[in-house]
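Input: a single structure, listed below in structure tokens.
Chains as they are written, first to last, in our numbering: chain X, 1 to 518; chain R, 1001 to 1320; chain Y, 2001 to 2330.
Below you can see the structure in the form of structure tokens.
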């Protein structure tokens, strides 16, 4: 077998969910020995569905799989995949913080090291040591996982994936099997230096393993991959072999984003960059710092202005947003709302009183799924729906609640039978509309947006953007954090680029679009 | 969403209501059959009212805590401590001893709330510890002896007859109605449900979670205190056995009413039915001369069964 | 590099973990401090042979209540059914003795195992919060015990035939302690030399991560409850013997708190993920020393036991609450 023959290949894989949503449409990819193959695409492009098919979590509707040139069935479950040499390192939640390194390394694999019910600790630790030596990992086996820096934790997870393949396949036995390790957004929790450390580690491991690297961070994909597949809307739209062709970051970016569908959408909504100079400053942030996440963040936000915090995942942008809203506490610096100082440790309720609102697209995070729309809307609008028959008693008026919710439903075109509909029965887009709708009438001074349109379809996005732009026109200032550059182009007047927790540059909307090629 | 009446889905959604009502009807029929004098004389009605009024007050407080997704083991102990303080201090202080008893109750509630909200100690653990302290204090102030108060004024608080029913009944109904009003008609009540339904969401929507938790624990202990004071007045004094066997029936009456242990589902209005079922069942069983211990076993079994039936499994990701 | 190789041998892993234990565990310092304080205040009483024997006995009892449930606490759940297993198990021994003879003591571990299994299955499958579930089970079993006593018309459920177990073959070492030793060894073995200890920690530390690592979380949760019941059942034999071959017949919450207090004082956080029976043993010793010494002091009224126990538990949970920061807890 030549080195260029694929060790793992899938052809024409299709997968449909609920008979409607086409997650994958005739996707074919292959992996050669000793290479790093990247699969890039934005959220919802089908990356994770593909990976879950490779490790046996999902079964495809159609398609074929080949290993070492032989046609094989798709793996039934993760264990089956493991015994065929395919293992996955999940983006998050994979690490078990309180276990010792050697315990974590062999978690779930103890069967092979048990004699008469007794764990052979000596053997385990010996093997762990030799594996660490071979992979060039340096850390104390007896320390707990949470004591290790994030990059080392990731490396131990990767070592664990390789080790489990070896133990399941029985490496020294029959025909050689080269482990294929899938890394799902491995760099998300890491700082810049830690990422380099991780990649050097991967380049070293390439000698005996192959990797599928799932990411949406283009620069690192370009730097370390041998080949790149670009996925968009469930299809492979491009395939580049970096050893033989020259590709630019811009080109890949454009392929990820696509020129159809909602490229037009943002173009329709691009904000006419207004002059903010004359307007009142509603929020000033001065040298805001949280150790390990962000440092010396300073900016001014004007009435009716939207500032985007832009950067790769894990750069600290979402932590800044959370610190502004009080979900987490910053260590040092100043937050001033209308030139009044905000206590850094104060809870979200205190920020709401000062006029800061928060909206995240993460389903079920801030929505009360089992409450009717009416109650979900009024939870921040008690002042609008209550009466005070006595000074100290405020009473909710159900009629006022209902008419408030109806008003918001009409304005946002929320598709539901009535205001008493429980939110869990709504579609993703309508859930999001309820979440954002509650702020519509509250009209806070500042609205913090975190991934406002994550996981919803183009039509619903358009409607959410319309609402947000309307609110902005009415003078509400906004902070946006998102993974989608187009969202910044649609909503933001100013974009602050953040890397490794520090401000790199500030762009206007036009500059940003030029830079991004939008 | 409107489902067809009696469809499977409708049954599933309304199981919290159906079971208590069916249970109550079945219980009344069974009691009638076992005892032909049940509810026939006004005296028997008054006995039942005495049996459940103070109990309802304490159960309302516990319901609020369970609605929030927490638990309070200190209810019977605080009840006992307040009754004891009232009875011990009454000879020297008169009715101002009520204030002392209530303040002590509020302090216990405050400590419970702070332990949960500020120190992040699971509420059952925190309240178990404070309940021991309350028990111990009751022992210390009473010296372990029964305190009898023969002053008719002391008794009058609970036993004055108004329209044929003792005043403790009206106290209980007033507390119950206020609690219903508070949970359904005020923002604070909405916040209690919010914390019980989705605590992260409640925090992000600007609910002061710590304050709500502390206040609800304080209200719960306040109601336990009031229940204790009224109970002391009803039985003309206090002794160390007050409240000892009340935790299981209290817990049972809250979940039998249809309030789920996971929080956010149910309400104080349901607790009345739960209290009726548990207290009437209790008196029915004791009429049949069934051992107290067996009654407790029955209540424990009912409580666990109802807890299993009312928990809404859609909402749970990880159960500890 | 060479020194690291040596350190990682089994023996030295244990040595290192003992060193860590001393370093990270305030319970060790508490034990030292308590011994010093009481030796200074009441040397003649505290250091007398009879008192030291009493300490050993009480240590055996307290640790037997707490060692089993520790495995459940590792999961982040709580199991307080030990009180019920101990009480009603004893009633069962008494009931079955006329039929089974001396073998009836074997009902203890069997009953413990069954109760644990029941707890585990109901908690995992029906998703009832573990604390409420197990405290209800304990209450039901305790009332059952009292009921058994009431209907049989005796004062105590004593089985004098086991009196031979009260004689210790070794002078100064009380027999409850000797009976407790195998249970302690078993618990430590399970914790450190089988995969179970690791799995329980993994589930308590990050349940989703454990699932991703291919662990059958539900199975091991049920196993933890079953193990807790079994160990409590075995340990109850030591308590049974300690009380003069009988069981308690009336429910006393301060006994219930004893087990929990030992676990919390030992430093196993209620959130789960770390700690283990070794810490619980230290916690049990702290608990025993505090109460042993306290009642030797002049002016301390044993009638106020509940007040002291409650205050101690309160202090212990507050001290242990550091580990719970950040989580949103019910």
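Cβ coordinates follow ideal geometry from the N, Cα and C atoms, glycine included.
Presumed contact (8 angstroms Cβ cut-off) between residue i and residue j, rounded CB distance
{"i": "residue 404/X", "j": "residue 385/X", "result": "6 angstroms"}
{"i": "residue 303/X", "j": "residue 285/X", "result": "Actually they do not touch by this definition, with Cβ atoms about 16 angstroms apart."}
{"i": "residue 2237/Y", "j": "residue 2110/Y", "result": "That belief does not hold up - the Cβ atoms of residue 2237/Y and residue 2110/Y are roughly 12 angstroms apart, past 8 angstroms."}
{"i": "residue 1206/R", "j": "residue 481/X", "result": "Residue 1206/R to residue 481/X, Cβ: 19 angstroms. No contact."}
{"i": "residue 501/X", "j": "residue 295/X", "result": "5 angstroms"}
{"i": "residue 2277/Y", "j": "residue 2187/Y", "result": "4 angstroms"}
Backbone CA spacing between residue i and residue j [nearest angstrom]
{"i": "residue 1146/R", "j": "residue 1080/R", "result": "12 angstroms"}
{"i": "residue 469/X", "j": "residue 447/X", "result": "12 angstroms"}
{"i": "residue 147/X", "j": "residue 2039/Y", "result": "39 angstroms"}
{"i": "residue 1238/R", "j": "residue 1087/R", "result": "6 angstroms"}
{"i": "residue 1261/R", "j": "residue 1193/R", "result": "13 angstroms"}
{"i": "residue 2069/Y", "j": "residue 516/X", "result": "58 angstroms"}
{"i": "residue 2096/Y", "j": "residue 2245/Y", "result": "14 angstroms"}
{"i": "residue 166/X", "j": "residue 179/X", "result": "8 angstroms"}
{"i": "residue 132/X", "j": "residue 1109/R", "result": "54 angstroms"}
{"i": "residue 244/X", "j": "residue 177/X", "result": "27 angstroms"}
{"i": "residue 1024/R", "j": "residue 1276/R", "result": "8 angstroms"}
{"i": "residue 37/X", "j": "residue 2078/Y", "result": "46 angstroms"}
{"i": "residue 89/X", "j": "residue 76/X", "result": "18 angstroms"}
{"i": "residue 593/X", "j": "residue 368/X", "result": "No statement about residue 593/X is possible, as the shown extent of chain X runs from 1 to 518 and does not include it."}
{"i": "residue 229/X", "j": "residue 66/X", "result": "18 angstroms"}
{"i": "residue 2047/Y", "j": "residue 2059/Y", "result": "16 angstroms"}
{"i": "residue 2172/Y", "j": "residue 2180/Y", "result": "15 angstroms"}
With 16 other Cβ atoms within 10 Å as the buried cut-off, status of residue i
{"i": "residue 2001/Y", "result": "Reliability of the predicted coordinates at residue 2001/Y is poor, the pLDDT of 42 falling under 50, and no value is obtained from them."}
{"i": "residue 262/X", "result": "At residue 262/X the pLDDT is 48, less than 50, meaning the model places this residue with poor confidence; the figure from the coordinates comes in the next sentence. Buried, since its Cβ has 16 or more Cβ neighbours within 10 Å."}
{"i": "residue 15/X", "result": "buried"}
{"i": "residue 136/X", "result": "exposed"}
{"i": "residue 2018/Y", "result": "exposed"}
{"i": "residue 1042/R", "result": "exposed"}
{"i": "residue 1289/R", "result": "exposed"}
{"i": "residue 1311/R", "result": "buried"}
{"i": "residue 239/X", "result": "exposed"}
{"i": "residue 221/X", "result": "buried"}
{"i": "residue 1287/R", "result": "exposed"}
{"i": "residue 2029/Y", "result": "exposed"}
{"i": "residue 2328/Y", "result": "The pLDDT assigned to residue 2328/Y is 48, lower than 50, so where the model puts this residue is not dependable; a value taken from the coordinates is nonetheless given after this. Its Cβ having fewer than 16 others within 10 Å, residue 2328/Y is exposed."}
{"i": "residue 193/X", "result": "exposed"}
{"i": "residue 1034/R", "result": "exposed"}
Terminal residues of the beta strand (DSSP E) in which residue i lies
{"i": "residue 2310/Y", "result": "Here residue 2310/Y belongs to no beta strand (DSSP E); instead the alpha helix (DSSP H) covers 2305-2320."}
{"i": "residue 64/X", "result": "62-67"}
{"i": "residue 6/X", "result": "6-17"}
{"i": "residue 1060/R", "result": "Here residue 1060/R belongs to no beta strand (DSSP E); instead the alpha helix (DSSP H) covers 1042-1067."}
N- and C-terminal bounds of the alpha helix (DSSP H) containing residue i
{"i": "residue 1306/R", "result": "1292-1310"}
{"i": "residue 1233/R", "result": "1209-1235"}
{"i": "residue 398/X", "result": "398-412"}
{"i": "residue 78/X", "result": "78-83"}
{"i": "residue 2125/Y", "result": "2107-2126"}
{"i": "residue 2295/Y", "result": "Taken as a continuous stretch (DSSP letters only), residue 2295/Y belongs to no alpha helix (DSSP H), as it is neither H nor E."}
{"i": "residue 506/X", "result": "No alpha helix (DSSP H) holds residue 506/X; the beta strand (DSSP E) holding it covers 502-508."}
{"i": "residue 1196/R", "result": "1187-1197"}
{"i": "residue 2258/Y", "result": "2253-2266"}
{"i": "residue 2132/Y", "result": "2130-2152"}
Would you mind listing the alpha helix (DSSP H) stretches within the region 2157-2240 of chain Y that are 4+ residues and don't spill past its ends, in chain order?
2175-2193, 2195-2205 and 2207-2212
Restricting to runs no shorter than 4 residues, where is the alpha helix (DSSP H) found entirely within the region 1233-1272 of chain R?
1247-1257
Every unbroken alpha helix (DSSP H) within the region 1088-1156 of chain R, with a cutoff of 4 residues, ordered by chain
1096-1117 and 1123-1142
Give the list of continuous beta strand (DSSP E) stretches no shorter than 3 residues that lie fully inside the region 2058-2107 of chain Y.
none
Start-end ranges of the alpha helix (DSSP H) lying completely within the region 130-203 of chain X, minimum 4 residues:
150-169
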